[in-house]
Structure formats: C-alpha cells, structure tokens
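**Student:** Structure in structure tokens, see below.
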Amino acid sequence: MLDAQPRPDGRSLVEIRDLRMWFPIRTGLLKRHTGNVKAVDGVSFDIREGETLGLVGESGCGKSTCGRAILRLYEITGGSVKIDGQEIGDAGPNTLRRMRPTMQMVFQDPQASLNPRMTVARIIGEPLDEHTKMSRREKTAKVHDLMDQVGLNRAFADRYPHEFSGGQRQRIGIARALALNPKFIVCDEPIAALDVSIQAQVVNLLEELQAELGLTYLFISHDLSMVRHIATRVAVMYLGKVAELAPREELYGEPLHPYTRALLSAVPEPDPEAMGGSNRTILKGDVPSPSNPPEGCNFCTRCPDVMEVCHRVDPEFRQVRPGRWVACHLFEEGASSPSNRADTESMGDTA
Amino acid sequence: MTDRAEDAPVAGHEETPVAANPVQAAQPQNVSHGSRSQWLDVWDQFRTHKGALAGAGFFVFILLAVTLGPYLWIYDPTYIDIRARNTGISLAHPLGADQLGRDMLARMIAGGRTSVSVGVTAMALALFLGTLIGVLAGYFRKLDGPLMRFTDLFLALPLLPLLLVMVLLFRETLSANFGPETGIFLLIVVGIGVTSWMPTARIVRGDVLALKEREFVLAARSIGTPDRRMITRHILPNVLSPIMVSATLGIANAIITESALSFLGLGFPPDYPTWGRLLYDATDYLQQYPERVIWPGAAISLTVLSVNYIGDGLRDALDPRIRGR
Numbered sequence: 001m002l003d004a005q006p007r008p009d010g011r012s013l014v015e016i017r018d019l020r021m022w023f024p025i026r027t028g029l030l031k032r033h034t035g036n037v038k039a040v041d042g043v044s045f046d047i048r049e050g051e052t053l054g055l056v057g058e059s060g061c062g063k064s065t066c067g068r069a070i071l072r073l074y075e076i077t078g079g080s081v082k083i084d085g086q087e088i089g090d091a092g093p094n095t096l097r098r099m100r101p102t103m104q105m106v107f108q109d110p111q112a113s114l115n116p117r118m119t120v121a122r123i124i125g126e127p128l129d130e131h132t133k134m135s136r137r138e139k140t141a142k143v144h145d146l147m148d149q150v151g152l153n154r155a156f157a158d159r160y161p162h163e164f165s166g167g168q169r170q171r172i173g174i175a176r177a178l179a180l181n182p183k184f185i186v187c188d189e190p191i192a193a194l195d196v197s198i199q200a201q202v203v204n205l206l207e208e209l210q211a212e213l214g215l216t217y218l219f220i221s222h223d224l225s226m227v228r229h230i231a232t233r234v235a236v237m238y239l240g241k242v243a244e245l246a247p248r249e250e251l252y253g254e255p256l257h258p259y260t261r262a263l264l265s266a267v268p269e270p271d272p273e274a275m276g277g278s279n280r281t282i283l284k285g286d287v288p289s290p291s292n293p294p295e296g297c298n299f300c301t302r303c304p305d306v307m308e309v310c311h312r313v314d315p316e317f318r319q320v321r322p323g324r325w326v327a328c329h330l331f332e333e334g335a336s337s338p339s340n341r342a343d344t345e346s347m348g349d350t351a
Numbered sequence: 001m002t003d004r005a006e007d008a009p010v011a012g013h014e015e016t017p018v019a020a021n022p023v024q025a026a027q028p029q030n031v032s033h034g035s036r037s038q039w040l041d042v043w044d045q046f047r048t049h050k051g052a053l054a055g056a057g058f059f060v061f062i063l064l065a066v067t068l069g070p071y072l073w074i075y076d077p078t079y080i081d082i083r084a085r086n087t088g089i090s091l092a093h094p095l096g097a098d099q100l101g102r103d104m105l106a107r108m109i110a111g112g113r114t115s116v117s118v119g120v121t122a123m124a125l126a127l128f129l130g131t132l133i134g135v136l137a138g139y140f141r142k143l144d145g146p147l148m149r150f151t152d153l154f155l156a157l158p159l160l161p162l163l164l165v166m167v168l169l170f171r172e173t174l175s176a177n178f179g180p181e182t183g184i185f186l187l188i189v190v191g192i193g194v195t196s197w198m199p200t201a202r203i204v205r206g207d208v209l210a211l212k213e214r215e216f217v218l219a220a221r222s223i224g225t226p227d228r229r230m231i232t233r234h235i236l237p238n239v240l241s242p243i244m245v246s247a248t249l250g251i252a253n254a255i256i257t258e259s260a261l262s263f264l265g266l267g268f269p270p271d272y273p274t275w276g277r278l279l280y281d282a283t284d285y286l287q288q289y290p291e292r293v294i295w296p297g298a299a300i301s302l303t304v305l306s307v308n309y310i311g312d313g314l315r316d317a318l319d320p321r322i323r324g325r
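Chains R and L, in that order, are what the protein sequence lines are.
So the first sequence is numbered by the UniProt record's numbering: it starts at 1 and just counts up by one.
So the second sequence is numbered by the UniProt record's numbering: it starts at 1 and just counts up by one.
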C-alpha cells in the first residue's frame, strides 16, 4: 500500500490494526467493573494471501484469544479487523453471517469441538446447511468429497465423533472448516492435543490443502519447531502484544527481540552437547498478570537487556529492517531511519 | 471403538479405501451399506435395556387398558349394584366391588384414564415451561437473572394452598365454559404444570451454562449458526438427559399431586373416579378390604416405575456415546 512495489502475491488478505480484547473483571456484591484482563492489547499485523503466519508465545499470552477475536467470535473491545477488504470489527450480525464462509477455524481440542450428538456427515454438513441451498443429494456428495479431501473413509459418515481417534477427529474439524471454501483459516493449536506421529499427519494435511486450495492460515501454536516447519512468517506474542514479527528464516536465524531470543533458546535440542549447553537465555520470574501489566514495556520485568527507558515508555511496534517488525527500545536509536518509519500502515508488504 | 489403529491407513492421505488395509482387522465392514436410520439404532439400544422394555410393555398395557378397556368391560363405573356391596374377587367383579357396590375394575379403568392423562399432560406442560425457561436463562446472559429470580419466586410459593386457591377461583368459570369434567381437567393440568416446572428449569439452565462454553458451540458460531438453530441443533440434544429424567419424575409427581387434590375434595368431583380418589376412598376400609387399596396403589406405583424405566432406557438409547456398547 504505502510500499513502493507491492509484490503481486503479497496482497494482504487480513489486516489487523490495534486489535484489543479486554475481558472485564467484576467484583463485589454489585458486580462493579473494577478492571480488565487485557488478553489482547493493541495487536497489529497483516496476513498475506496464501501465506501461513505462525503465532507463537507461551501459555496465556493471548494467542488463542487473538485468533478468536480476529474471527469475531468475541465482541472485540477495540481496533479493526479487515478480512478480504471488508471490515468485520464492527460488522452487524447479518453482515458477519455473510462473511463467515470466508473465514473458518480449526480448534485445539478435536473432542470438544465436535458435537457428540451429531454424526460426522451432519457435522461436516452444518456449514452447508447454514450457507447454501443444496439438495440433500448434493450435500451428501459434497460431504463425501470433503471426507476424501481430508483422508477420511466415506463409510464413516454416519458415525459419531466419539468413535474416532484424535487425529481423525481433527480431520473432521478440518473438513468442516473447508466446507464453505474459505480463504482464511485460523488454526488454533490444531496439533496441541495430538500425539507426535499424528501431529505430522495433520500438519502435512494442512500444508497439502493450502497448496491445493490456496488457503491462508493463521497458525497458532506454542510448538516452535512445528511453526518453523509450516509458517512463512512468524509473530511472537508476549502478554497480549506482538513482540516481534519476521519471516521465518530470519526470525529463527537471528531473533531480535530479547523475548524471542529467550523463547528460541528454550527449544529442546536433540543433541545438547553439540550446542554447548551454555548459551541458553533463562528468563527469571513469572509472566505479569494481564489484568495489571507493568508500566512501559510489557517484558521489562523479565528482560535480560532491560534499560531504564523500558520501565517508562511502551516501545512502538515498528519495522527495523525490511520485513522485520520489533517492539523493543534496543532497536530504537540505531536502526530507526525515516524510510522505515514511513510504512506503519503496511506491515506485511516487505519480505 | 476408538482404536488407535484407525489412524494408520490414512497416514499418507492416500485415497486407498481404508477397508482394503490389512491392518484394519477391527474395522466393521457393515457400515458402508447406505445410511441406516438413526431411529433403528435407538430402538436397538432401547431393546437391550430389559427394564425399559418391561416398563414400555407395562405402560402400553395401561394405555390400552384405559383407552380400549371401557369397550371390553362395559360396566359403568358409577353403576350401583347394591347387592354386590363389598364383595371380594369374583367372576362378576374381577377386582371386587366397593362399599356402594360399584365395580372396581370399571372404576380402575375410568380412574386410570384420568390419572394417566393428567400425569402425561401436566408433565408435558411442566417440561415445556421448564425447558423453555431453563434454555433461555442459560443461553441469554441478560435473561438469566430475571428468569432465575422468577423461578425462585415460584419455588417459594406453597404448592397446595396455591392450587386450592386456583381451584376455588376458576372452577366455576371453567366448568361453565368446558363442562365440569373438561373444565376441572384443564384446571388441574394447568395448575400442576405451572407449579412444577422449576426443578427442570434449574437443571436445564445449569447444563446449558456448561454447554455454552464448549468448543463445538464456538465452532457453530464461527460457521454463523444463528441463535435459534444453535439452541435446537446443539444445545437441546445435549440437555436431553436431564430433561428425560425430569419427565419421568414429573409424571409420577403429577399423578400424586392430583391424588392429593382429589383427597382434599378440590380435584375432580367425588363421583368421578381417579386412581388417587380410589386410593383415598379405600383407606377407610383398609383393615376389612385391603385389596381395594392395593389395586389403585399398585397401579400408581407400577405406572410411575414403568415410566421411570422408559426414561432411563430412552436416555441411554438417545446418547450416541452409550449406544452400541
């Protein structure tokens, strides 16, 4: 947009600006509003068409909430979400319903995300019931197609979710998400509840579907190696904010934000002796409560490179190198050139 | 059923039919021949529950007896055969005759007709109200407070005095409009129905609150399912079990409440037999003619028991997780 040469394949499908999702805390007899849990607090990024944006971070940092807020499964507190050029942050129920086919979600717990009283055919067919006027025969055909697509035996169409294994249930969830030919799918830790061999199957399936159907994923996970495998770009979240956003190789090769460095150094090594074992960054203390985040930078209480300014000023999330976005004071003075400051509007266009 | 092996054949997402895989020994082959009706499965599961089957048999017998009985046993329940007073079991009066010489079998049939219809109708009404209020309160956060306080209000009302006042106030008008029997029937059904929905509402609300946070409801929302279909498709089928239990207990409750009202002289007219009425009439002669207490007492108990068993069996049969085990 503001960038000089937007890449032809780099059109932003999803644009998120200053997304905030606060949950009110009510206390006392009268349930007065006494504070907010700032699960997502001012998140901005773009997701380009056809890419997989990995969203990583530790438990409770707001990854899942962010994913759900983007699909407007929650009433967002503020900010804007544009999907395929259409604003959904404040869309009314009818507009939102018409937008639903574009954006779908794959859930973390494949057991809980399937209604135990519905057969597989009805679960996969539910989006078709809601958004299309297919005849029963067409619907059955489509459901069978979808089951083929995700590698489920058609003969299982009349079975119930509890009769399947975890991996198969996740396939049912993916088939349901695919039913309306969406452009954008939020995968909310789709592999976290599966064992490792099945994880690989599901991730491969997701990749195949992406290649086949040109899908765009927001892949939420805490599994850094899996994100490295599947993601095009990676966003690192900490306490409701995005700390760093960069293309995969650059992020894993040279993490800039101190939190990213700590996170990556915590990834288990197959051979600890080979890597020396001494250069791990061990964070001290706990994550502050999202209802009472520290003043200044959210990470200042645990940052190994903390400076005086970090306790006062919240660092701006800005582009420090082409395609690399960091919210950290360490990169404020040296790397800030006017040219980089210009495109705060197009967070996804340079890679 | 959740065999790990089922994952193996789909490992590489080949399109090979899973049935061809030699690893798949555990896989049933009979699932492929078209879609079998769900209700057949339900019936198959219901049949495995012996108690439910016996209960259903007995309940059907009672229903047939009270509907077809009057055509087979043509004695009028109010006909007084003074010479047969207080007779025991005989060929002319298989269940004996009462202190006025009325045939007990005919009175049991006529009484059962009233008691069962009051029980079933009042239960249906209470269930409808309870489920409606419970689902609305659980699903819509704004309605939760008002509706639950309303439920508390009804729970705080003393049931019998309220029914007595209702009968006193409305009996005349209803009798004038619908005839004495239909009028009092409506009054009692509505009276029992609107005073016994509260436990159902509370249980259903609790279940809906828990269900609403499940991920499949969120998934349905991400599909764009509107609230009304969310309730009918995802919420109601999953709160079926507590509703079923309430229903079976509700029938029993309604029959017993009706008996109590009849006993107080504010239910059906005195010459109009119901099981409760027969029971209370017979208590005066408990020592001389105990069988007259036993007939209606056994009928009430067995009906209630059979309905409970039916509910138990249905609940199991309607739950796909229990079915086929």
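Quick reminder that beta carbons are idealized off the backbone N, C-alpha and C, glycines included.
Keep in mind the model is a prediction, meaning the values are calculated, not measured.
Kindly say whether residue 188/L, judged by its beta-carbon, lies nearer than 8 Å to any beta-carbon of chain R.
**Tutor:** no
**Student:** Figure out for me which residue from 231/L, 249/L and 219/L has the closest Cα to the Cα of residue 355/R.
**Tutor:** Examination of residue 355/R is not possible in this model, given that chain R is present from 1 through 351 alone.
**Student:** Tell me which residues of the stretch 205-219 of chain L have at least one Cβ-Cβ distance to chain R shorter than 9 Å, keeping chain order.
**Tutor:** 214, 215, 216, 217, 218 and 219
**Student:** I need the straight-line Cα distance from residue 29/L to residue 155/R, nearest angstrom please.
**Tutor:** Model confidence at residue 29/L stands at a pLDDT of 43, short of 50, so the residue's coordinates are unreliable; what they give is reported in the following sentence. For residue 29/L and residue 155/R, the distance between alpha carbons rounds to 9 Å.
**Student:** Below 8 Å, can you find three or more Cβ-Cβ pairs linking the stretch 90-103 of chain L to the stretch 52-70 of chain L?
**Tutor:** no
**Student:** Closer than 7 Å: is that where the CB of residue 132/L sits relative to any heavy atom of the ligand NAD?
**Tutor:** This structure lacks the ligand NAD, and indeed carries no ligand of any kind.
**Student:** Identify every residue that forms a DSSP beta bridge with residue 352/R.
**Tutor:** The requested residue 352/R is not part of the displayed model; chain R covers only 1 to 351.
**Student:** Rounded to whole angstroms, how far is the Cβ of residue 251/L from the Cβ of residue 119/L, which I believe are closer than 8 Å?
**Tutor:** 4 Å
**Student:** Just curious, the beta strand (DSSP E) that residue 45/R is in, first and last residue?
**Tutor:** 32-48
**Student:** On the criterion of 16 or more Cβ atoms from any shown chain inside 10 Å, does residue 153/R qualify as buried, or is it exposed?
**Tutor:** buried
**Student:** Can you find a CB in chain A that lies within less than 8 Å of the CB of residue 126/R?
**Tutor:** Absent from the structure is chain A; the protein chains it does hold are R and L.
**Student:** State the Cα-Cα distance for the pair residue 326/L and residue 48/L, rounded to the nearest angstrom.
**Tutor:** As displayed, chain L neither begins before 1 nor continues past 325, which places residue 326/L out of reach and without an answer.
**Student:** Does the CB of residue 225/L have a neighbour CB from chain R at under 8 Å?
**Tutor:** yes
**Student:** With distance defined between alpha-carbon atoms, name the residue in 244/R, 83/R and 105/R nearest to residue 178/R.
**Tutor:** Checking every option, the nearest Cα to that of residue 178/R belongs to 105/R.
**Student:** For residue 175/L, which three-state DSSP category applies?
**Tutor:** helix
**Student:** To which residues of the same chain is residue 238/R closer than 7 Å at the C-beta, ignoring the five residues directly before and after it?
**Tutor:** Excluding residues within five positions, the ones whose Cβ falls inside 7 Å are 57, 61, 259, 298 and 299.
**Student:** Identify whether residue 105/R lies in helix, strand or coil by the three-state DSSP scheme.
**Tutor:** strand
**Student:** If you measure from the beta carbon of residue 146/L to each beta carbon in chain R, is any gap under 8 Å?
**Tutor:** no
**Student:** Starting from residue 284/R, trace the beta strand (DSSP E) both ways and give me its first and last residue.
**Tutor:** It is not in any beta strand (DSSP E) - residue 284/R carries neither H nor E in the DSSP assignment.
**Student:** Where do the ends of the alpha helix (DSSP H) carrying residue 68/L lie?
**Tutor:** 50-72
**Student:** Alpha helix (DSSP H) containing residue 243/L: first to last residue?
**Tutor:** 240-263
**Student:** Answer yes or no: do residue 331/R and residue 320/R have a C-beta to C-beta separation smaller than 8 Å?
**Tutor:** yes
**Student:** Is residue 272/L helix, strand or coil when you go by DSSP?
**Tutor:** Residue 272/L falls in the coil class under three-state DSSP.
**Student:** Could you tell me whether the Cβ atoms of residue 212/R and residue 64/R are closer together than 8 Å?
**Tutor:** no
**Student:** Between residue 86/L and chain R, is there a C-beta pair that is closer than 8 Å?
**Tutor:** no
**Student:** From the DSSP output, in three-state form, read off residue 6/L for me.
**Tutor:** The pLDDT assigned to residue 6/L is 43, lower than 50, so where the model puts this residue is not dependable; a value taken from the coordinates is nonetheless given after this. The answer is helix: DSSP assigns residue 6/L an H, G or I state.
**Student:** When DSSP builds the beta bridges, which residues end up paired with residue 82/R?
**Tutor:** 15/R and 87/R
**Student:** Could you tell me whether the Cβ of residue 71/R comes closer than 8 Å to any Cβ of chain L?
**Tutor:** For residue 71/R, the answer is yes, since a Cβ of chain L falls inside 8 Å of its Cβ.
**Student:** State the DSSP-derived secondary structure class of residue 230/L, mapped to helix, strand or coil.
**Tutor:** Taken through DSSP and simplified to helix, strand or coil, residue 230/L comes out as helix.
**Student:** So for residue 258/R, helix, strand or coil by DSSP?
**Tutor:** helix
**Student:** Look up residue 264/R in the DSSP assignment and say whether it is helix, strand or coil.
**Tutor:** Note: residue 264/R maps to helix in three-state DSSP.
**Student:** Taking residue 252/R as the reference, give the member of 234/R, 30/R and 241/R with the closest Cα.
**Tutor:** Nearest C-alpha to residue 252/R: 234/R.
**Student:** Flag this pair as yes or no: are the beta carbons of residue 210/R and residue 27/R separated by less than 8 Å?
**Tutor:** no
**Student:** Would you mind listing the beta strand (DSSP E) stretches within the stretch 122-207 of chain R that are 3+ residues and don't spill past its ends, in chain order?
**Tutor:** 184-188
**Student:** Tell me the DSSP secondary structure of residue 299/R in three-state form.
**Tutor:** It is coil, neither helix nor strand.
**Student:** Tell me, please, whether the CB atom of residue 354/R is closer than 8 Å to any CB atom in chain L?
**Tutor:** Because chain R here runs from 1 to 351, residue 354/R falls outside it and cannot be looked at.
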